[in-house]
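Engineer: Residues in the sequence shown are numbered consecutively from 28, following our numbering.
Here a beta-carbon is modelled for each residue, glycine too, at the ideal position from N, C-alpha and C.
Please read these numbers as outputs of a predicted model, since none were measured by experiment.
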Amino acid sequence: MQQGRPRRRNRVSRGSAMSPISIDDQAAARRRGISGRLRAKIFAYALVAPVVALILGLVAYPFLYAIYVAFTNRVVGNDGEWVGLANFRYLAGTAIFASAIHNTVLLVVVTSLLKLGLGLGLALLVNQHIPGHGFFRALLMLPWAMPTFVAFLTWRVLYQPIGGGINLILTETGIYPHIVDWLGQSSTAMPAVIVASVWRGFPFWFVSILAALQSIPKDLHDAARVDGANALQRFFAVTLPGILQVLIVTALLSSIWTANAFEHVWLLTQGGPSDATMVFPVLAYFGMQTQRIGEAAAVSVAMLPVLAILVIAATVFMQKDED
28 MQQGRPRRRN RVSRGSAMSP ISIDDQAAAR RRGISGRLRA KIFAYALVAP
78 VVALILGLVA YPFLYAIYVA FTNRVVGNDG EWVGLANFRY LAGTAIFASA
128 IHNTVLLVVV TSLLKLGLGL GLALLVNQHI PGHGFFRALL MLPWAMPTFV
178 AFLTWRVLYQ PIGGGINLIL TETGIYPHIV DWLGQSSTAM PAVIVASVWR
228 GFPFWFVSIL AALQSIPKDL HDAARVDGAN ALQRFFAVTL PGILQVLIVT
278 ALLSSIWTAN AFEHVWLLTQ GGPSDATMVF PVLAYFGMQT QRIGEAAAVS
328 VAMLPVLAIL VIAATVFMQK DED
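Written out as structure tokens, the structure reads:
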């Protein structure tokens, strides 16, 4: 019994002696954990910092500076002064600005609808694994792969009244015996630009929709077919919900690109004849040519509310669809 007591006292004494050390070790471990997390955060911020600086320097600063310039009367060689909404009031009172609004909206809406119909129809066709669908798919991507400059200059040659390919086909086949100046008449200039723009842009819709179609599980179509749904019912019940998100994103991107595109109108008509094809980018370019930088910036800034509405509407619609 006497031998057991010292052993118990020794165990207690050792435990009481070790308890302060264990508390210190835990505190040190917590400090090491905090410093380790801090180092990880600093390292993460260091990795992101170059990208943030690049975005601020190449995107945010020019964007904000363009908005500032739109509210000044700056010209080439002179920084100008703050004039508030004077540039916008001047543009609102001009007929060419009204034409630019009408033509831009018309171009975006009509080309988007035509690209949707053409891209969706071709994607549904190629998705059926028809013979030679691989070659057909590569062929449909050629308009998108061709340089923009070459594509629209080719269309300009096709639209020529004398020697143009379209007039030659129409007159030689007897479909329409008269020569048409496609790009020189107000009634045909905008339809000609729309056709060329659709030809150039529909492959983007085609490949986006085709990728969405191939991501839909085949079991869903098989189950709908077993339930007796016909092809049209399967499209609205299975196919359309499966590609709806892609359609929204594609429509948003295509609308923004079309509204900001400069080459397709400039290379074909340069905004004419009589402002029949005048759009925002071409009008802003004319402002730069006259060295009135403030007015040119105001034209570009005037597009922002429309594009912002498109982005917000698409985002809200996608969010509701996900919910």
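1. Just to check my reading of the structure: W171 and A223 have Cβ atoms closer than 8 Å, yes? What is that Cβ distance to the nearest angstrom?
2. Smallest Cα separation from I243: which of R227, I270 and V234?
3. Suppose you measure from the CA of Q241 to the CA of L247; what does that come to, to the nearest Å?
4. Once DSSP output is grouped into helix, strand and coil, what is the label at T200?
5. Using the three-state DSSP reduction, which class does R32 fall into: helix, strand or coil?
6. Per DSSP, W109 forms a beta bridge with which residues?
7. Pull up the CB-CB distance for F289 and P268, whole angstroms please, since I reckon it's below 8 Å.
8. Would you check if the stretch 317-325 and the stretch 104-123 touch, i.e. whether three or more CB-CB distances between them fall below 8 Å?
9. Whole angstroms are fine: how far does the CA of I275 sit from the CA of L259?
10. Considering Cα atoms alone, identify which of W226, A93, V184 and Q187 is closest to G146.
11. Going straight from the alpha carbon of L112 to that of T317, what length do you get?
12. Express the C-alpha separation of P300 and P332 in angstroms, rounding to a whole number.
13. Between which two residues does the alpha helix (DSSP H) carrying S242 extend?
14. Quick one: what does DSSP say I221 is sitting in, helix, strand or coil?
15. Just the Cα atoms here: how many angstroms apart are P77 and W284?
16. Three or more C-beta pairs closer than 8 Å, one from the stretch 117-137 and one from the stretch 211-221: is that the case here?
17. Please report the straight-line C-alpha distance between V292 and Y312, rounded to a whole angstrom.
18. Might you give, ordered along the chain, the residues of its own chain that have their beta carbon closer than 8 Å to the beta carbon of A264, omitting 5 neighbours on each side?
19. For F176, count neighbouring Cβ atoms within 10 angstroms of its own Cβ and tell me buried if that reaches 16, exposed if not.
20. What does a CB cutoff of less than 8 Å around D208 pick up in its chain, not counting 5 residues either side in sequence?
21. I need the straight-line Cα distance from H205 to G298, nearest angstrom please.
22. Please report the residue range of the alpha helix (DSSP H) in which T285 lies.
23. How is the alpha helix (DSSP H) around H205 delimited, first residue to last?
24. What residues in its chain sit with their C-beta under 6 Å from that of S392, if we drop five residues either side in the sequence?
25. Should Y186 be labelled buried (16 or more other beta-carbon atoms within 10 Å of its own) or exposed?
26. How far does the alpha helix (DSSP H) with Y312 in it reach, from first residue to last?
27. In three-state terms, what does DSSP make of A174?
28. Please go through the same chain and pick out, in chain order, the residues whose beta-carbon is closer than 6 Å to the beta-carbon of A341, but skip the five residues on each side of it.
29. Beta-carbon separation of L234 and M173 under 8 Å?
30. Identify whether H129 lies in helix, strand or coil by the three-state DSSP scheme.
31. Comparing alpha-carbon positions, which option in V184, L197 and L180 lies nearest L294?
32. Flag this pair as yes or no: are the beta carbons of G321 and N154 separated by less than 8 Å?
33. Does the distance from the C-beta atom of S281 to that of F231 stay below 8 Å?
34. Using a threshold of 8 Å, state whether the C-beta atoms of A239 and V184 are closer than that.
Structural biologist: Taking the structure as given:
1. Here residue 171 corresponds to residue number 144 of the sequence shown, with the count starting at 1. Here residue 223 corresponds to residue number 196 of the sequence shown, with the count starting at 1. Actually they are not in contact, since the Cβ atoms of W171 and A223 sit about 13 Å apart, beyond 8 Å.
2. The residue you call residue 243 lines up with position 216 of the sequence shown. That would be I270, whose Cα lies nearest to the Cα of I243.
3. What you label residue 241 is simply residue 214 of the sequence shown in a count that begins at 1. What you label residue 247 is simply residue 220 of the sequence shown in a count that begins at 1. Cα to Cα, the separation comes out at about 12 Å.
4. The sequence position of residue 200 within the sequence shown is 173, counting from 1. T200 falls in the helix class under three-state DSSP.
5. Position 5 of the sequence shown holds residue 32. Residue placement at R32 cannot be trusted, given a pLDDT of 48 that sits under 50; the coordinates are not used to answer.
6. Within the sequence shown, residue 109 is the residue found at index 82, counting from 1. W109 is bridged to T99.
7. As a working note, residue 289 is residue 262 in the sequence shown. As a working note, residue 268 is residue 241 in the sequence shown. So it is not a contact: roughly 36 Å between Cβ atoms.
8. Output reads yes: the stretch 317-325 touches the stretch 104-123.
9. Position 232 of the sequence shown holds residue 259. Position 248 of the sequence shown holds residue 275. For L259 and I275, the distance between alpha carbons rounds to 21 Å.
10. On the sequence shown, residue 146 is found 119 positions in, with the first residue counted as 1. The shortest C-alpha separation from G146 is found at W226.
11. Against the sequence shown, residue 112 aligns to sequence position 85. Against the sequence shown, residue 317 aligns to sequence position 290. Using only the alpha carbons, I get a separation of about 20 Å.
12. What you label residue 332 is simply residue 305 of the sequence shown in a count that begins at 1. What you label residue 300 is simply residue 273 of the sequence shown in a count that begins at 1. Between P332 and P300, the C-alpha separation is close to 28 Å.
13. Sequence index remark: in the sequence shown, residue 242 carries index 215 (1-based). No alpha helix (DSSP H) contains S242, which DSSP labels as neither H nor E.
14. Taking the sequence shown and counting its residues from 1, the one referred to as residue 221 is at position 194. Here I221 sits in helix by DSSP.
15. For the purposes of this step, residue 77 is identified with residue 50 of the sequence shown, where counting begins at 1. For the purposes of this step, residue 284 is identified with residue 257 of the sequence shown, where counting begins at 1. Using only the alpha carbons, I get a separation of about 27 Å.
16. yes
17. For the purposes of this step, residue 292 is taken as the residue at position 265 of the sequence shown. For the purposes of this step, residue 312 is taken as the residue at position 285 of the sequence shown. Approximately 12 Å between the Cα atoms of the pair.
18. Locating residue 264 in the sequence shown gives position 237, counting from the first residue. So the list reads A251 and A256, once near-sequence residues are dropped.
19. For this step, residue 176 is matched to residue 149 along the sequence shown. It is exposed - the Cβ of F176 has fewer than 16 other Cβ atoms within 10 Å.
20. On the sequence shown, residue 208 is found 181 positions in, with the first residue counted as 1. Here the set comprises P188 and T215.
21. Reading the sequence shown from its first residue, position 178 is the one you call residue 205. Reading the sequence shown from its first residue, position 271 is the one you call residue 298. Rounded to whole angstroms, H205 to G298 spans 25 Å at the Cα level.
22. As a working note, residue 285 is residue 258 in the sequence shown. Unbroken alpha helix (DSSP H) run through T285: L267 to N287.
23. Taking the sequence shown and counting its residues from 1, the one referred to as residue 205 is at position 178. Run containing H205: none; DSSP gives neither H nor E here.
24. Missing from the structure shown is residue 392; the chain here goes from 28 to 350 and no further.
25. Position 159 of the sequence shown, counting from 1, holds the residue named residue 186. Classification for Y186: buried.
26. What you label residue 312 is simply residue 285 of the sequence shown in a count that begins at 1. From DSSP, the alpha helix (DSSP H) with Y312 extends over F307 to Q316.
27. Translated into positions along the sequence shown, residue 174 becomes position 147. With the sequence shown as reference, residue 174 is identified as Pro, and Ala is not the correct amino acid for it. In this structure, P174 counts as coil in the three-state DSSP scheme.
28. On the sequence shown, residue 341 is found 314 positions in, with the first residue counted as 1. Same-chain partners within the cutoff: I275 and L279.
29. Counting from one through the sequence shown, the residue named residue 234 turns up at place 207. Counting from one through the sequence shown, the residue named residue 173 turns up at place 146. Before going further, note that residue 234 is Val rather than Leu in the sequence given. No. Outside cutoff.
30. Indexing the sequence shown from 1 puts residue 129 at position 102. In the structure shown, H129 sits in a helix (DSSP, three-state: H, G or I).
31. The residue labelled residue 294 in the question sits at position 267 within the sequence shown. If you compare the alpha carbons of V184, L197 and L180 with that of L294, the shortest gap goes to L180.
32. By one-based count along the sequence shown, residue 321 stands at place 294. By one-based count along the sequence shown, residue 154 stands at place 127. Pairing G321 with N154 gives a Cβ-Cβ distance that is not under 8 Å.
33. The residue you call residue 281 lines up with position 254 of the sequence shown. The residue you call residue 231 lines up with position 204 of the sequence shown. Closer than 8 Å, so yes.
34. Stepping through the sequence shown from its first residue, residue 239 is reached at position 212. Stepping through the sequence shown from its first residue, residue 184 is reached at position 157. No, these two residues do not count as a Cβ contact at 8 Å.
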